Amino acid sequence: MTSRPDDTTPPIRITWQAVLGFSERSTPGWDRVRTAQQDELVRQLPLVSAAHCGATLLLTWMCRNSVPPLPLATWAVLSLLVSALGIFAAGQAKPAGPRVWSIPHSIVFSGLFGLIWALPPTLFSGGAPLVEQLAMAMAPAAMMGLVALTCGPLPVVAAVFALVTGAGLTAMAAGTGSIGLALLPLAYATLLIMGGASAARALIARRWAELALEEQSEVVRLLLRESEGQDADWLWEVDSAKLLRRVSGRLARAAGLPAAEIEGCSLIRLLAGAGWETGETAPEIAELVERLNARERVSNFEVPVTLNGEERWWSLSAAPRLDERGGFAGFRGVGSDVTERRRSTDRIEHAARFDALTGLCNRAHFMNEARKAIAAAHRDGDRAALLLIDLDKFKPVNDTLGHPVGDKLLKRVAERTRGRIGPNDLAGRLGGDEFAVLVRSHADDPRVAALATELIAVLVEPFEVDGQLIRIGASIGSALALRDGRTLETIVRNADLALYRAKHDGRGCHRRFIPALLADSERRRAIESALREALETDQFTLLYQPMIEGDGGRIVGFEALIRWTHPTLGEIAPVDFLKVAEEAQLAARLGAWVLRSACVEAAHWPQPLRVAVNLSSEQLADRQLPAIVVAALAGSGLAAQRLELDVSEQSFLRDNGTVVTVLDQLRSLGVRIALDDFGSGYAALGYVRRGRFDTIKIDQAFVRGAAQSEPESLAIVRSVVALAGSLGISTVAEGMETDVEYRRMRDLGCRHMQGHYAGAPMPADAVRQLVDAPEPMVAAR
1 MTSRPDDTTP PIRITWQAVL GFSERSTPGW DRVRTAQQDE LVRQLPLVSA
51 AHCGATLLLT WMCRNSVPPL PLATWAVLSL LVSALGIFAA GQAKPAGPRV
101 WSIPHSIVFS GLFGLIWALP PTLFSGGAPL VEQLAMAMAP AAMMGLVALT
151 CGPLPVVAAV FALVTGAGLT AMAAGTGSIG LALLPLAYAT LLIMGGASAA
201 RALIARRWAE LALEEQSEVV RLLLRESEGQ DADWLWEVDS AKLLRRVSGR
251 LARAAGLPAA EIEGCSLIRL LAGAGWETGE TAPEIAELVE RLNARERVSN
301 FEVPVTLNGE ERWWSLSAAP RLDERGGFAG FRGVGSDVTE RRRSTDRIEH
351 AARFDALTGL CNRAHFMNEA RKAIAAAHRD GDRAALLLID LDKFKPVNDT
401 LGHPVGDKLL KRVAERTRGR IGPNDLAGRL GGDEFAVLVR SHADDPRVAA
451 LATELIAVLV EPFEVDGQLI RIGASIGSAL ALRDGRTLET IVRNADLALY
501 RAKHDGRGCH RRFIPALLAD SERRRAIESA LREALETDQF TLLYQPMIEG
551 DGGRIVGFEA LIRWTHPTLG EIAPVDFLKV AEEAQLAARL GAWVLRSACV
601 EAAHWPQPLR VAVNLSSEQL ADRQLPAIVV AALAGSGLAA QRLELDVSEQ
651 SFLRDNGTVV TVLDQLRSLG VRIALDDFGS GYAALGYVRR GRFDTIKIDQ
701 AFVRGAAQSE PESLAIVRSV VALAGSLGIS TVAEGMETDV EYRRMRDLGC
751 RHMQGHYAGA PMPADAVRQL VDAPEPMVAA R
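Residue numbers are given in the UniProt record's numbering: position 174 of the sequence shown equals residue 174, and the series is strictly consecutive.
Okay, structure coming up:
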């Protein structure tokens with residue numbers, strides 16, 4: 001049921017500023033009032049101009065003997081020109097038509113008008129006979145009164161004229177030496193201004209009253225347009241028993257029944273339809289019955305009506321009617337079919353609560369329902385649960401296959417999620433590839449874990465979209481109310497911390513919130529804060545791990561590895577602070593520092609030793625990276641071919657073309673490019689050809705697997721070495737820990753080795769001692 005108050009014209013407060021035209025009001029109808037003021041002024045312009053011409057000619061004739069001809073003629077011509085301008089403006093303007101002059105224009109014209117009549121008493125009165133002096137005073141005074149009378153609808157015009165002309169009369173009177181006589185014109189002008197403003201205010205108030213009356217008349221016409229041939233509204237009437245009487249043809253057409261059939265029918269039965277027989281009526285109809293029984297006025301009351309099997313909505317307004325003896329005789333009112341507006345409103349409300357793409361709850365509606373579930377848990381002692389779901393590998397699908405495919409994939413995800421939750425549970429899409437499930441009641445760890453496991457299992461299964469099989473996955477974090485938080489904000493935060501842990505633990509798994517996660521979160525925030533400070537205070541150091549030849553063990557270069565020891569947090573592992581740097585968007589700044597520092601140090605090594613520096617995804621997405629590399633090389637004096645930049649396969653997953661472009665620019669500088677951790681599961685052999693790398697670094701997992709004679713690892717290593725050899729690309733076996741691994745990778749044809757077996761990371765001064773030693777330069781093993 002929707003109820004709206006009757007439309008009424010709001011009271012308007014008329015300020016003196018508005019009367020004078022110094023402020024415009026935003027109230028609807030004010031423009032019409034202002035137009036009425038200007039129209040009235042236009043209508044009076046001919047009269048004022050005619051009087052102005054007559055007074056000018058009369059005063060010129062009377063002063064012809066005492067005033068020099070040239071000044072007098074000049075004044076008369078200017079005066080007549082101003083009068084002609086007023087007559088012309090009045091002829092161009094049409095009432096209720098476009099405004100020729102605005103209020104500022106009227107003020108300027110009024111000031112000019114006043115100046116014309118201020119000149120004679122100011123310039124011509126000295127030495128003139130008494131009669132002519134009186135004429136020079138009376139003519140302007142008469143014009144002041146005429147303008148105040150005729151221009152009252154816009155008092156600011158009359159006020160400007162009165163003030164300018166009164167100033168001229170005051171100047172004339174001041175020549176007599178009498179203060180009272182000098183003040184008399186100003187007093188006269190003030191009285192004229194006050195009278196004109198009061199008259200204008202009365203005009204505005206009358207116009208507002210006319211507007212209110214017009215609006216009320218329009219409302220009546222809208223309610224009673226039965227005879228105007230429109231079907232939007234109809235009159236209806238019931239007697240004291242709620243039986244329809246005097247059924248109009250338009251009501252009959254709205255009901256889809258003959259008027260004779262409806263006459264005498266119960267209004268409630270007509271509205272309820274089949275529900276009349278079963279007693280299953282809509283709540284709105286039941287409320288309408290209560291209102292009618294109480295003989296209350298009904299205003300814009302919306303009820304559902306079933307007509308020919310279709311549900312429609314009517315809006316009913318009515319007031320009780322009395323018979324000639326004052327007794328209750330029923331109701332009379334108007335009705336409208338508001339089905340389309342109601343459906344539009346329902347669509348808007350649905351759009352406000354549900355995600356347009358997936359049909360799941362949107363964030364706002366989901367959080368509102370979660371808040372209700374938590375309140376119920378407080379009230380009933382029950383437990384609700386929140387599961388946050390983040391899709392794994394969705395962004396690469398969206399970026400490589402396009403947003404249309406990504407949207408269809410999200411729809412499939414929503415369908416599978418909706419199909420796995422309970423009837424009382426709620427699924428929602430929080431945005432992007434983030435989903436959530438609300439278990440409203442009876443939630444515990446086993447039930448939540450089982451649901452999360454089922455969701456992960458169903459989402460890891462391939463999706464068929466546009467004939468393509470797409471594999472993604474899901475990571476889930478959960479929190480229980482009230483164990484893991486007593487407010488929605490706390491529960492969402494804790495579920496998000498659990499989701500972060502699930503993604504940190506390799507994705508594709510579920511983690512529930514435990515208090516230790518909050519401590520981890522606090523530590524990450526502390527690391528982020530300290531990281532920003534460390535970038536400003538140079539707290540980082542670099543260690544260098546040797547890379548050696550597979551045959552002979554000669555050192556060919558070093559990989560720069562960053563280390564950080566904080567004054568209070570102590571030594572922080574790179575795996576911890578590098579992840580925080582990426583999340584805080586500090587990886588690019590940190591990487592630039594590593595690049596500059598490594599180049600400066602490598603410049604002290606003998607040629608052709610090279611230094612390898614890891615690049616983050618954030619750095620590779622920056623089109624300014626080539627310029628940063630150029631600056632590092634120029635500042636250190638290191639030759640470009642002695643710098644090797646390591647790129648992870650993961651960097652290509654979010655590539656929109658920028659990564660390949662940046663790599664091409666770096667290669668054009670002569671810098672070596674290495675594909676790091678190759679085979680770690682993020683990419684395929686095709687990236688080797690796409691990136692045109694100089695070096696492939698084989699991931700440690702395959703090195704260990706090959707040393708243990710695992711068939712799959714052996715096959716992959718042989719394929720990589722063969723591909724690299726055919727393309728002229730060098731290979732490096734990473735994570736070399738044992739002599740068995742060293743010999744196996746050497747026998748498989750891997751040219752270079754790196755790991756603790758080849759040499760542990762060492763500080764810069766140890767590197768210098770090592771590389772400055774007599775030949776051969778072999779790492780200690």
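Here a beta-carbon is modelled for each residue, glycine too, at the ideal position from N, C-alpha and C.
The structure displayed is predicted, hence computed values, not measured ones.
Can you tell me the Cα-Cα spacing of residue 115 and residue 207, whole angstroms? Cα atoms of residue 115 and residue 207: separation of roughly 33 Å, rounded to the nearest angstrom.
Would you please state the rounded distance, in angstroms, between the beta carbons of residue 186 and residue 165? I believe it to be under 8 Å. About 11 Å; that fails the 8 Å criterion.
DSSP three-state assignment for residue 445, whether helix, strand or coil: The answer is helix: DSSP assigns residue 445 an H, G or I state.
Residue environment, residue 772, which counts as buried when at least 16 other CB atoms sit within 10 Å: Exposed is the label assigned to residue 772, since fewer than 16 other Cβ atoms lie within 10 Å of its Cβ.
Pull up the DSSP beta-bridge partners for residue 332, would you. Per DSSP, 237, 319.
Whole angstroms is fine: what's the gap from residue 260's alpha carbon to residue 247's? Spanning the two alpha carbons is a distance of roughly 8 Å.
Presumed contact (8 Å Cβ cut-off) between residue 192 and residue 162, rounded CB distance: That belief holds up - the Cβ atoms of residue 192 and residue 162 are roughly 5 Å apart, short of 8 Å.
So, at 6 Å on beta carbons, what are the nonlocal neighbours of residue 158 in its own chain, with the 5 sequence-adjacent residues on each side left out? Hits under 6 Å: 147, 148, 151, 196.
Return the residue from the list 401, 288, 441, 503 that minimises the CA-CA distance to residue 467. Closest by alpha carbon: 401.
Taking contact to mean at least 3 C-beta pairs separated by less than 8 Å, is the stretch 697–707 in contact with the stretch 743–754? Contact holds: three or more Cβ-Cβ distances are below 8 Å.
With 16 other Cβ atoms within 10 Å as the buried cut-off, status of residue 725: Label assigned to residue 725: exposed.
Quick one: residues in its chain with C-beta nearer than 7 Å to the C-beta of residue 311, no 5 flanking neighbours on either side, listed in chain order? 304, listed in sequence order.
Given a cut-off of 9 Å, decide if residue 564 and residue 539 are closer than it, judged by their beta-carbon atoms. Yes, the pair counts as a contact, with Cβ atoms nearer than the cut-off.
For a test of the three-state rule: what should DSSP assign to residue 768, helix, strand or coil? DSSP, reduced to helix, strand and coil, places residue 768 within a helical segment of the structure shown.
Could you tell me whether any non-hydrogen atom of the ligand HEM is closer than 8 Å to the CB of residue 629? Among the ligands in the structure shown, none appear at all, so the ligand HEM cannot be discussed.
Is the beta carbon of residue 144 sitting closer than 9 Å to the one on residue 209? Inclusion of residue 144 and residue 209 in the CB contact set at 9 Å is not warranted, their separation being larger than that value.
Taking only the alpha-carbon atoms, compute the straight-line gap between residue 230 and residue 237 and give it to the nearest angstrom. Annotation note: pLDDT 41 at residue 230 (below 50); position unreliable, coordinate value reported separately. Rounded to the nearest angstrom, the two C-alpha atoms are 19 Å apart.
Within 10 Å of its beta-carbon, does residue 510 have 16 or more other beta-carbons around it, so buried, or fewer, so exposed? So residue 510 counts as buried.
Considering only their Cβ atoms, is the gap separating residue 175 from residue 117 smaller than 9 Å? The answer is no: Cβ separation not under 9 Å.
With residue 331 and residue 318 assumed to form a contact (beta carbons below 8 Å), what rounded beta-carbon distance in angstroms separates them? The pair is a contact, with the Cβ atoms about 4 Å apart (cut-off 8 Å).
Endpoints, alpha helix (DSSP H) assigned at residue 593: For residue 593, the enclosing alpha helix (DSSP H) begins and ends at 587–602.
From the DSSP secondary-structure annotation, give me the bridge partner or partners of residue 469. Answer is 464, bridged to residue 469.
Minimum C-alpha distance to residue 380 - residue among 710, 441, 239: Answer by Cα proximity: 441.
Please work out which residues of its chain come closer than 8 Å, Cβ to Cβ, to residue 239, disregarding the five sequence neighbours upstream and downstream, and give them in chain order. Closer than 8 Å at Cβ, skipping near neighbours: 245, 329, 330.
Do you know offhand how far residue 315's Cα is from residue 277's? Rounded to the nearest angstrom, the two C-alpha atoms are 23 Å apart.
Along the beta strand (DSSP E) that carries residue 657, what are the first and last residues, could you check? Taken as a continuous stretch (DSSP letters only), residue 657 belongs to no beta strand (DSSP E), as it is neither H nor E.
On the CB-based measure, 16 or more other CB atoms within 10 Å of its CB, does residue 429 come out buried or exposed? Residue 429 is buried by the Cβ-count criterion.
Which value, in whole angstroms, describes the spacing of the CA atoms of residue 262 and residue 252? CA-CA distance, residue 262 to residue 252, rounds to 7 Å.
Rounded straight-line distance, which links the Cα of residue 542 to that of residue 766: Using only the alpha carbons, I get a separation of about 12 Å.
Please confirm whether residue 735 and residue 548 have their CB atoms less than 9 Å apart. No.
Could you tell me the alpha carbon to alpha carbon distance between residue 492 and residue 673, rounded to whole angstroms? The C-alpha of residue 492 lies about 43 Å from the C-alpha of residue 673.
Taking residue 454 as the reference, which of 62, 463, 473 has the closest Cα? For the residues 62, 463, 473, the minimum Cα distance to residue 454 belongs to 473.
Residue 337 - DSSP class collapsed to helix/strand/coil: DSSP, read as helix, strand or coil, puts residue 337 in strand.
CA nearest to the CA of residue 638, picked from 301, 707, 599: Closest option to residue 638, Cα to Cα, is 599.
Cβ separation of residue 502 and residue 476, assumed to be a contact under 8 Å, to the nearest whole Å: Right, the Cβ-Cβ distance comes to about 6 Å (below 8 Å), so this counts as a contact.
For residue 548, which beta-bridge partners are listed by DSSP? Residue pairing for residue 548: DSSP places it in a beta bridge opposite 555, 753.
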